[in-house]
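Residue numbers (the UniProt record's numbering): 1 to 262. Ideal Cβ placement from N, Cα and C applies to all residues, glycine included. Working notes for the structure below.
Next comes the structure, spelled out in C-alpha cells:
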C-alpha cells in the first residue's frame, strides 16, 4: 500500500518527530518538544480528508484551531503529498514558540567516536568559494563517522544543469574531496519545461535512486547535493543507504530558509 510506504519513509527521516499509533497504522502523531505539543492525524480517508486532534499544554485553543485550518487548507490547495502535510504540521507547531537566535541545528547522531583529524576542519558552517568568477555559498554537514567510514554532504543552490555540472566537477577536483571513495550527487532544477532531475552514483550502486526519492519527497528544487564517503575498510551493508540519506537530509535542514521547496 503506497500510504504505508510513505509512513515508513516519514518515520525513517523524522524518527524524533513522527510516530505511528499502536492501534492504527493510519494514525500519525507529530511531536514538537519545543512547543510541548503534538498533533494526531487520522489518515483513514487521506488524501480526500483527515481528522486532526491536539494535545498541548501551552498553545491556546484559537491557535490550535488556526493550525488545523491551515492544515485542512493544504488539501484544498492540492497539497496531497503526505510528507508536505507532515512538514506543514511540524512547522506550524514550531512557529508558535519564540525562536532563539543561533540555536544549533539538531542533526542525526549515529556515532560517538572522534572524527579523524584530517576531517576535523570540516565544520557544519557554510563557506564560500568561487566557480568561474562567481561566488557560491556551500552548505556542509559535520563529518559523520560510521565504522571507520566518514560521510560528508555538501550542497549549493543552482539555477541550471550547467551549474550542476560545474559544482560536481568543482567538488570532484577539490583538495577536500578528490580522494573520497564515492562522491554521490543528486539534483533537481526548475527549467522552462518543468523540473530536470538526476543523480550520479559515482560507483555506489543504488544510492542515487534513494537520494532522489528523498529529494522528491522533501520537494527540494534548485539544489545539487553531493554526499562523499571516505571508506574506512569496513563493509556497512544495506544500512549505508539510510546513513547516506540521513546525511543528505541533515544538509537540507542546515540550508534553513535558503532551501527552496516546491
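The Cβ neighbour count for residue 246, taken over all protein chains shown within 10 Å, is at least 16; the residue is labelled buried. Taking C-beta atoms under 8 Å as the contact rule, residue 227 and residue 181 fail to qualify, at a distance of about 11 Å.
In this structure residue 234 is exposed. Its beta-carbon is surrounded by fewer than 16 other beta-carbon atoms within 10 angstroms. Distance from the CA of residue 254 to the CA of residue 151, rounded to the nearest whole angstrom, comes to 16 Å. If you check the CB distance, residue 240 and residue 215 do not come in under 7 Å. By the Cβ neighbour-count rule, residue 204 is buried, with 16 or more other Cβ atoms within 10 Å of its own. In the three-state reduction of the DSSP assignment, residue 142 falls in the coil class. Counting along the chain, no alpha helix (DSSP H) covers residue 198; the unbroken beta strand (DSSP E) around it starts and ends at 194-200. If you draw a straight line from the Cα of residue 139 to the Cα of residue 168, it comes to about 14 Å.
The straight-line gap separating the alpha-carbon atoms of residue 147 and residue 69 is approximately 46 Å. The Cβ atoms of residue 196 and residue 161 sit closer than 7 Å to each other. Nearest C-alpha to residue 208 among 219, 173, 248: 248. Judged by DSSP in its simplified three-state form, residue 260 adopts strand.
Beyond the five residues adjoining it in sequence on each side, residue 223 comes within less than 6 Å, by CB distance, of 155, 157 in the same chain, given in chain order. A buried status is given to residue 141, since no fewer than 16 other beta-carbon atoms sit within 10 Å of its beta-carbon.
In this structure, DSSP gives residue 127 an extended state, which the three-state scheme calls strand. Per DSSP, residue 210 lies in no beta strand (DSSP E); the unbroken alpha helix (DSSP H) holding it starts and ends at 207-218. Taking the Cβ atoms as the reference, residue 225 lies roughly 6 Å from residue 186, within the contact range of under 8 Å. Counting only the Cα atoms, residue 149 lies some 6 Å from residue 230. Residue burial is scored here from C-beta neighbours: residue 244 has at least 16 other C-beta atoms within 10 angstroms and is therefore classed as buried. Taking 8 Å as the upper bound for CB-CB distance, residue 137 and residue 126 are in contact here, some 6 Å apart. Residue 252 sits close to residue 220, with the two beta carbons spaced by under 7 Å.
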